[in-house]
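Numbering (the working numbering), first residue to last: 680 to 898.
Note that CB positions come from ideal geometry on N, CA and C, so glycine has one too.
Just so we're clear, the structure is a prediction, and the values are computed from it rather than from any experiment.
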């Protein structure tokens with residue numbers, strides 16, 4: 680029997696904003712869990728979602744960037760990534776924009792590597808990680824001007840096997856990088872032509888979910 684996550688539509692009795700932040704809010708939902716009839720309250724991050732890109736060149740190297748992250752107090756080696764925070768922007772366009780802004784490159788060929796929820800017990804954040812190939816550098820005069828923590832990011836092309844070793848040795852911890860590199864390892868074994876198209880359905884993302892679809896079950 681095939682296993683697959685299921686969307687449901689439990690009626691929310693009330694929803695309130697507990698904290699309003701710069702990028703995302705913390706909300707409180709009250710709903711009835713039908714299995715027990717119990718009324719439950721849950722606080723979580725109302726997140727717009729994000730995309731990430733594993734860029735792979737013809738020399739089998741992946742593009743890694745080192746960025747400072749204040750919540751964990753570390754410089755982390757990551758893959759290019761960013762929020763889905765522009766109204767009407769589809770995930771592929773967002774990924775292409777992030778690759779341009781953070782890595783100074785464009786790509787001709789795109790596929791979906793893997794989809795995930797980063798912390799489904801506490802956040803609505805859905806993440807889609809793409810594989811980008813056919814890499815072209817952007818002329819220096821056309822590059823995006825980075826600021827904040829991104830202003831001093833180091834960019835490095837890392838042999839794929841070395842990047843994968845860094846995951847398995849516990850030397851890198853960013854979820855986009857870890858999941859993306861592991862997914863690419865599996866995809867290489869199965870054949871990259873087995874990957875999904877870049878516009879593949881992403882109805883698991885709360886913002887793209889069609890509650891009338893067969894995968895959704897009303898409470």
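Nearest in C-alpha terms to residue 697, of all of 724, 719, 862, 746, is 724. DSSP places residue 772 in the uninterrupted alpha helix (DSSP H) bounded by 770 to 782.
Within the region 778 to 865, complete alpha helix (DSSP H) segments of at least 4 residues are found at 839 to 847, given in chain order. In this structure, DSSP gives residue 886 a helical state, which the three-state scheme calls helix. Annotated as distal: residue 860 and residue 744, with beta-carbon spacing of 9 Å or more. Around the beta carbon of residue 746, 16 or more other beta carbons lie within 10 angstroms, which makes this residue buried. Distance between residue 719 and residue 687, taken at the CA atoms: about 16 Å. Annotated three-state conformation of residue 868 is helix, per DSSP. Residue 736 and residue 682 have their alpha carbons spaced roughly 34 Å apart.
Put simply, of 749, 734, 706 the residue whose alpha carbon is nearest the alpha carbon of residue 839 is 734.
When rounded, the separation of the alpha-carbon atoms in residue 703 and residue 832 is 24 Å.
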